[in-house]
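Residue numbers (the working numbering): 1154 to 1299.
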């Protein structure tokens, strides 16, 4: 139902989408959060060369760790990862409300598709009307300025 209150919230969101470069900087900051752990594990040259045995276990570990970080933070009361908080942006549903852990998980795993198509899914956020990447469109989420 499209009530006047909903219309007002949506109208406010129309002018409040997070800029592409804010999202890029937030991603860089979030990557830096994991750098010490990745650097420690990366000392073993075979980890990234072979995806069997230890390498596969570590890849799975990092994927689960990053999933819990992104989905947990974006579905939390802050609605943002550390990088997004520092950039003053947050993730919402299409009506500006907090997203569930399940939706945040869909958004996280949707990023894999964005990566598979040569990062075009991420670049879309610079050109779409609501500044959505492919993963945002699939998960029905927005990234807005706080």
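Glycine included, C-beta positions come from ideal geometry on N, C-alpha and C.
Cutoff 6 Å; reference residue i; Cβ partners in own chain excluding five residues on either side
i, result
"residue 1175", "1240 and 1242"
"residue 1224", "1254, 1257, 1258 and 1261"
"residue 1222", "none"
"residue 1173", "1278 and 1279"
"residue 1179", "1236, 1237 and 1240"
"residue 1227", "1244 and 1257"
Other residues of its chain near residue i: CB distance less than 8 Å, five sequence neighbours each side excluded
i, result
"residue 1238", "1231"
"residue 1287", "1263, 1266, 1267, 1270, 1273, 1274, 1275 and 1277"
"residue 1169", "1297 and 1298"
"residue 1220", "1258, 1261 and 1262"
Where the alpha helix (DSSP H) containing residue i begins and where it ends
i, result
"residue 1235", "1235–1240"
"residue 1292", "1287–1292"
"residue 1275", "1273–1276"
Selected residue, minimal CA-CA separation from residue i, among the options
i, options, result
"residue 1216", "1229, 1190, 1235 and 1236", "1190"
"residue 1254", "1282, 1186 and 1294", "1294"
"residue 1249", "1296, 1226 and 1214", "1296"
"residue 1292", "1284, 1281, 1282 and 1246", "1246"
"residue 1181", "1282, 1290, 1228 and 1234", "1234"
Any non-hydrogen atom of the ligand ADP closer than 8 Å to residue i Cβ
i, result
"residue 1183", "With respect to small molecules bound, the structure shown includes none, and the ligand ADP cannot be examined in it."
Cβ-based neighbour list, residue i, same chain, cut-off 7 Å, excluding 5 preceding and 5 following
i, result
"residue 1283", "1170 and 1295"
What are the uninterrupted segments assigned as alpha helix (DSSP H) that are 4 or more residues long and contained completely in the region 1246–1271, given in chain order? 1254–1269
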